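Each residue of the sequence shown is one higher than the one before, counting from 24 in the working numbering. For every residue, glycine included, the Cβ atom is placed at its ideal position computed from N, Cα and C. Predicted, not measured: the structure shown is a model, and the values here were computed from it. To start, the structure itself, in structure tokens.
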Amino acid sequence: MKKIVLLNIVLAAFLMLHLQAQTNSDYTVQTRVVVNTSPPSISIRWPKIATGVTAYNIYRKEKTDQSWGNILGSTLGTDTIWTDTQVKIGENYEYNIQKLNGTTLLGISYLLSGIEVPVVHSRGKALIVVEAGLASAIPNEIKSLMADINADGWEVITTQVSKTDSIQKVKREIKRIDLEVGGINALILLGHIPVPYSGNFGKIEHFRFPPDGHVEHSGCWPADVYYAVDYDQWTDTITNIDATRIENKNIPGDGKLDQTRTPAKVNYLMGRIDLSNLPAFPLSEVELTKQYIKKAHDFRFKITKTIEKGVIDDRFAVTQGAYGSQAWRNFAAMFGPQQIIQGDLLQHCDAQNLLFAYGAGGGTYTDCGRVCSTDSFLRHKGAIFNMIFGSNFGDWDNKNNLLRAPLAAKENGLTNAWSGRPHWQNHSMALGEPVGYSAQLTQNNLNTYTYNDAANAIHIALMGDPTLRLHMIAPPSNVTATPISNNTMVTLNWLPSIEPGILGYYIYHSEYQFGTYLPLNINPQLALNFTDSFPNNGNNFYQVKAVKLTTSASGSYFNTSHGASISIGNIIGNPVDVDHVIQHYLDIVPNPATSVITMSTNYNINDLTTHIYNQLGQLVISKKPYLNQLNNIDINVSDLKAGLYFLKYGPMIKTFVKL
């Protein structure tokens with residue numbers, strides 16, 4: 024950890040001294056990855072630098088580790104490639120690549136890489152907290168949003184709060200649901216959910232200035248992270264009245280909190296879709312929210328076509344903090360160095376439907392100097408994912424604020440973030456992580472990644488839906504569900520995805536419309552039909568997803584489309600035979616499991632083998648169990664890695680999660 028702290032200090036000092044680097048990209052390593060399966064290898068490549076570089080050092084860690092450990096590899100400054108052969112197919116690896124001149128750190132970049140990383144079938148539970156007035160105005164659109172998020176592997180729960188509720192009441196509701204459902208993983212604030220304010224910017228060590236550097240902007244800033252940390256010792260006792268705006272003044276007992284650095288781990292991927300108080304746009308908050316949900320739907324289902332490129336429009340001199348270096352770092356990981364455009368943000372976004380954009384310039388609450396303004400998004404569209412940096416507008420809870428403005432544009436503008444103090448860590452999106460994972464990584468980062476300034480502070484927030492991902496696949500269409508065999512089985516049929524390179528289809532089932540959908544087939548199938556021989560009694564909910572191998576500038580992973588959904592009722596289950604109308608069952612407890620699972624079934628056939636497969640379809644456990652009089656057996660799964668597994672017994676398949 025001390026090594027990483029020193030790394031950040033060295034980088035910050037180097038940025039201030041601006042000794043050698045000429046452009047923002049010089050503070051990075053412009054990487055591109057090539058992966059091979061036989062033998063497995065990950066090759067990291069970068070352009071040759073003419074002079075001034077003596078070595079590249081490469082570190083590697085597990086995805087969830089906080090520290091990098093010792094150097095894994097090193098090359099000469101004239102080299103342009105380093106290959107890691109100590110890798111396995113299906114595993115994630117995170118890399119830290121450093122560029123040096125002697126002992127001086129010149130640049131740094133990060134990659135999340137892997138070779139054919141398995142499909143993520145279930146992403147966890149997402150809670151949408153909806154402002155009550157908005158909920159009553161657009162119930163159909165909210166249901167559509169729930170369905171869209173659910174179609175990408177999330178179980179979706181909703182609750183309503185009033186815009187006049189205290190932040191403490193809202194947090195209690197979030198915590199209540201979190202406990203009730205066994206833990207949520209993503210939090211979406213929809214509408215003008217009460218805004219927490221917190222901070223003592225300008226008065227404490229490490230935060231002698233507020234994040235944008237303006238003394239008159241000291242005090243407290245909006246702090247949505249309040250809702251996502253498990254911490255009960257928030258205080259309201261300080262006096263900080265140096266700010267110009269009353270919203271930023273902080274006095275004891277005013278309901279504005281004191282903490283400047285996030286006091287505990289941010290537990291959720293979180294984002295805010297708040298289109299209130301934007302009178303610059305002709306549409307009302309209700310209509311803007313409906314428009315946003317439709318835009319997000321069209322992107323998710325690949326109705327909106329995009330270009331895998333990023334544009335950088337940085338109007339700050341590199342000597343002012345190299346804010347744009349984060350965009351060069353992140354975009355190289357996502358798209359490769361050749362797919363980065365430098366130029367006017369609005370012009371390039373209008374000309375091409377770009378996935379990502381970064382802009383930086385001097386700012387007001389409604390303007391980023393020479394890059395864009397709130398009014399710009401009346402006529403222009405931005406990228407799908409946006410990052411904008413400049414003075415003032417990072418404090419986003421005010422009239423016509425620029426940080427929220429791209430979300431109100433007619434096209435694109437699904438997320439935006441104030442990115443520069445600190446730097447955001449978006450590189451994981453290249454291997455399929457949602458944008459909310461980038462937000463969470465940035466919010467929790469203190470010593471793992473370079474950050475420039477204001478690391479782990481309470482102001483770090485994502486505007487938009489945190490569950491959105493980078494690489495969309497066209498789903499199958501026209502799914503139908505037909506009861507057969509006297510309503511004891513269900514046959515699904517669908518039309519193929521129009522996506523090139525499809526490897527097949529996964530078929531999913533759930534007991535509830537917005538519940539967890541688990542796969543019914545172990546490996547993707549090419550056939551355009553599937554029969555569920557063991558449906559539930561009553562209602563059954565299905566999704567069909569196309570799967571392909573997505574290759575980015577960071578590696579390859581098996582990626583699914585959003586699910587094409589269908590439901591069917593009045594199903595009565597399947598009999599064992601013509602003489603005994605008894606429904607087969609197969610159950611696993613606990614699920615999720617840590618060490619031992621108990622399998623229960625009434626399908627008792629002598630010498631039948633239990634098979635357990637991983638997400639790659641590889642057999643990991645094969646056992647001939649003895650079923651006792653209770654028809655159950657314990658199976659030790661403690662040696663299995665965390666993930667989703669398929670247990671097959673006779674004709675039945677049951678999925679379980681190993682923690």
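If you look at proline 506, you'll find it in the beta strand (DSSP E) that goes 500 to 507. Residues Lys404 of the same chain have their beta carbon placed closer than 6 Å to that of glutamate 434, with the five preceding and five following residues left out of the count. Contact annotation: methionine 675 and leucine 609 have beta-carbon atoms nearer than 7 Å.
Leucine 631 is classed as exposed because its beta carbon has fewer than 16 other beta carbons within 10 Å across all chains shown. A residue is called buried once 16 or more other Cβ atoms fall within 10 Å of its Cβ, and glutamate 178 is buried on that count. A distance below 7 Å between beta-carbons, with the five flanking residues on each side excluded, links alanine 431 to the following residues of its chain, in chain order: Leu298, Leu301, Phe304, Leu311, Phe400. DSSP lists Leu150, Met293 as the bridge partner or partners of leucine 210. Contact between the stretch 122 to 138 and the stretch 575 to 583 is established, with three or more Cβ pairs separated by less than 8 Å. Distance between arginine 83 and tryptophan 447, taken at the CA atoms: about 20 Å. Contact annotation: tryptophan 351 and asparagine 47 have beta-carbon atoms nearer than 7 Å. Three or more beta-carbon pairs drawn from the stretch 47 to 56 and the stretch 68 to 78 are found closer than 8 Å, and the two stretches are therefore classed as touching.
Counting every other CB atom within 10 Å of its CB across the protein chains shown gives alanine 340 a total below 16, marking it as exposed. Annotation: glutamate 534 to asparagine 562 spans about 7 Å, alpha carbon to alpha carbon. Under the 10 Å beta carbon count, histidine 229 is surrounded by fewer than 16 other beta carbons and is classified as exposed. Taking all protein chains in view, the Cβ of tyrosine 254 is surrounded by fewer than 16 other Cβ atoms within 10 Å, so the residue is classified as exposed. Per DSSP, reduced to three states, the secondary structure at leucine 543 is coil, with no helix or strand assignment.
Rounded to whole angstroms, the separation of the alpha carbons of threonine 103 and leucine 129 is 16 Å. Sequence-distant Cβ neighbours of lysine 186 in its own chain, meaning closer than 6 Å and more than five residues away, are Glu154, His215. Runs of the beta strand (DSSP E) spanning 3 or more residues and lying entirely within the stretch 248 to 335 occur at 292 to 296, in chain order. Out of Phe322, Ile481, Asp265, the CA that lies nearest to the CA of glutamine 466 is found in Ile481. Within the DSSP secondary-structure output, proline 70 pairs in no beta bridge. Listed in chain order, the non-local C-beta contacts of isoleucine 190 below 7 Å within the same chain comprise Pro217, Pro219, Tyr249, local neighbours out to five positions each way being set aside. One Cα belongs to serine 221, the other to isoleucine 274, and the distance between them is close to 11 Å. Its chain contains Thr77 as the residues whose beta carbon lies nearer than 7 Å to that of glycine 125, once the 5 sequence neighbours on both sides are disregarded; these appear in chain order. Here the stretch 482 to 498 does not lie against the stretch 543 to 556, with fewer than 3 beta-carbon pairs under 8 Å apart. Ranked by how close their Cα comes to the Cα of leucine 157, the residues Thr262, Ala149, Ile521, Thr182 have Thr182 in first place. For the 7 Å CB-CB criterion, methionine 169 and phenylalanine 564 do not form a contact.
Selection Leu469, Asp488, Asn637 evaluated against isoleucine 296 yields Asp488 as nearest (Cα-Cα). If you compare the alpha carbons of Leu491, Leu667, Cys391, Thr503 with that of aspartate 235, the shortest gap goes to Cys391. Annotated three-state conformation of aspartate 373 is helix, per DSSP.
By the criterion of a C-beta distance shorter than 6 Å, isoleucine 635 is surrounded in its chain by Val643, Ile644, Tyr668, Leu670, once the five residues flanking it on both sides are discounted.
Assigned with DSSP and collapsed to three states, phenylalanine 232 falls in coil, not helix or strand. Apart from sequence neighbours up to five positions away, the residues of its chain that approach glutamine 375 with a beta-carbon distance below 6 Å are Ile330, ordered along the chain. Taken atom to atom, the span from the alpha-carbon of phenylalanine 553 to that of asparagine 173 is near 21 Å. Taking C-beta separations shorter than 6 Å and ignoring five residues to either side along the sequence, the partners of serine 64 in its chain run Thr106, Thr108, following chain order. Assigned with DSSP and collapsed to three states, aspartate 610 falls in strand.
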